[in-house]
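Step one of this worksheet: look at the structure below.
Residue numbers (this note's numbering), protein chains in the order written: chain S, 1 to 111; chain C, 112 to 225.
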């Protein structure tokens, strides 16, 4: 079956630090991959996506590259801000119009 | 903004009572979903719908039922609420043409079963 594994949190960084949140997956077929972000008290928002191998998704300074050889989709940002503090979810979609989510990684950025 | 609202936003209920949560969309998207969010589990799919009166089970459907009599509304019912159903419930819609995996979420309903 499909599954997503994210690095365990919480992650605490200082402002302007480099961020990596690891995500690996197991899937049948050729999945699309997503990162969602959830700010406190809100629903999830789509952050970025990649639909095929070697695609790079990017948005708001965040990037992730779809690596089929390592079944990974790691989220990176070169310089985090306090406003990036949130929970980040990796997800995959294959067939049947359904998404499979990872457990989420809590990020806290201190000034 | 995908025009998704959920009601109520917060609810406290007693064990054994029925509860219905409502998801409303304004843009006539075909696919709608109900998830629950619990610490350590991420989001788990309860039920989803691919059209009026067309629904299917997700991975944690036991104890839940759904109905979709209009395109814009997707109802989630807990027939007899239990404490294990205390959770935050999110509705989502799919907006991608040919890519139903790109989902957009409502603000959530926090349900507490005492």
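Where a beta carbon is used, it is the ideal one built from N, C-alpha and C, also for glycine.
So residue i and residue j are in contact, right, with Cβ under 8 Å, and what is the actual spacing, rounded?
i: residue 15 of chain S; j: residue 82 of chain S; result: 6 Å
i: residue 201 of chain C; j: residue 136 of chain C; result: Not a contact, Cβ separation roughly 13 Å.
i: residue 156 of chain C; j: residue 146 of chain C; result: 6 Å
i: residue 48 of chain S; j: residue 32 of chain S; result: No, residue 48 of chain S and residue 32 of chain S are not in contact; Cβ-Cβ is about 11 Å, not under 8 Å.
i: residue 44 of chain S; j: residue 216 of chain C; result: 4 Å
i: residue 116 of chain C; j: residue 194 of chain C; result: In fact, because the Cβ distance is near 27 Å, the residues do not count as touching under 8 Å.
Would you kindly work out how many angstroms separate the C-alpha atoms of residue i and residue j, rounded to a whole number?
i: residue 75 of chain S; j: residue 101 of chain S; result: 15 Å
i: residue 24 of chain S; j: residue 4 of chain S; result: 6 Å
i: residue 21 of chain S; j: residue 94 of chain S; result: 22 Å
i: residue 124 of chain C; j: residue 139 of chain C; result: 31 Å
i: residue 99 of chain S; j: residue 89 of chain S; result: 11 Å
i: residue 197 of chain C; j: residue 224 of chain C; result: 5 Å
i: residue 39 of chain S; j: residue 85 of chain S; result: 7 Å
i: residue 177 of chain C; j: residue 183 of chain C; result: 14 Å
i: residue 103 of chain S; j: residue 92 of chain S; result: 12 Å
i: residue 41 of chain S; j: residue 172 of chain C; result: 25 Å
i: residue 68 of chain S; j: residue 192 of chain C; result: 42 Å
i: residue 174 of chain C; j: residue 121 of chain C; result: 20 Å
Taking 8 Å as the CB-CB cut-off, is residue i touching chain C?
i: residue 67 of chain S; result: no
i: residue 75 of chain S; result: no
i: residue 89 of chain S; result: yes
Is there a Cβ from chain S that is less than 8 Å from the Cβ of residue i?
i: residue 205 of chain C; result: yes
i: residue 213 of chain C; result: yes
i: residue 185 of chain C; result: no
i: residue 161 of chain C; result: yes
What does residue i reach in chain C if we use C-beta pairs closer than 7 Å?
i: residue 103 of chain S; result: 151, 152 and 153
Where does residue i sit, in a helix, a strand or coil, going by DSSP?
i: residue 117 of chain C; result: strand
i: residue 81 of chain S; result: coil
i: residue 178 of chain C; result: strand
i: residue 14 of chain S; result: strand
i: residue 194 of chain C; result: helix
i: residue 223 of chain C; result: strand
i: residue 162 of chain C; result: strand
i: residue 93 of chain S; result: strand
i: residue 273 of chain C; result: Only positions 112 to 225 of chain C appear in the structure, and residue 273 of chain C is not among them; the question remains open.
i: residue 68 of chain S; result: coil
i: residue 22 of chain S; result: coil
Strictly below 8 Å CB to CB, what residues from chain C border residue i?
i: residue 49 of chain S; result: 213
Give the residues of chain S in contact with residue i, contact being defined as C-beta atoms less than 7 Å apart.
i: residue 244 of chain C; result: Past the boundaries of the shown model lies residue 244 of chain C; chain C is included only from 112 to 225, so the question cannot be answered.
i: residue 156 of chain C; result: 98
For residue i, return the contacting residues in chain S, with the cut-off set at a CB-CB distance below 9 Å.
i: residue 142 of chain C; result: 97
Residues of chain C with CB under 9 Å from residue i, in chain order?
i: residue 46 of chain S; result: 213, 214, 215 and 216
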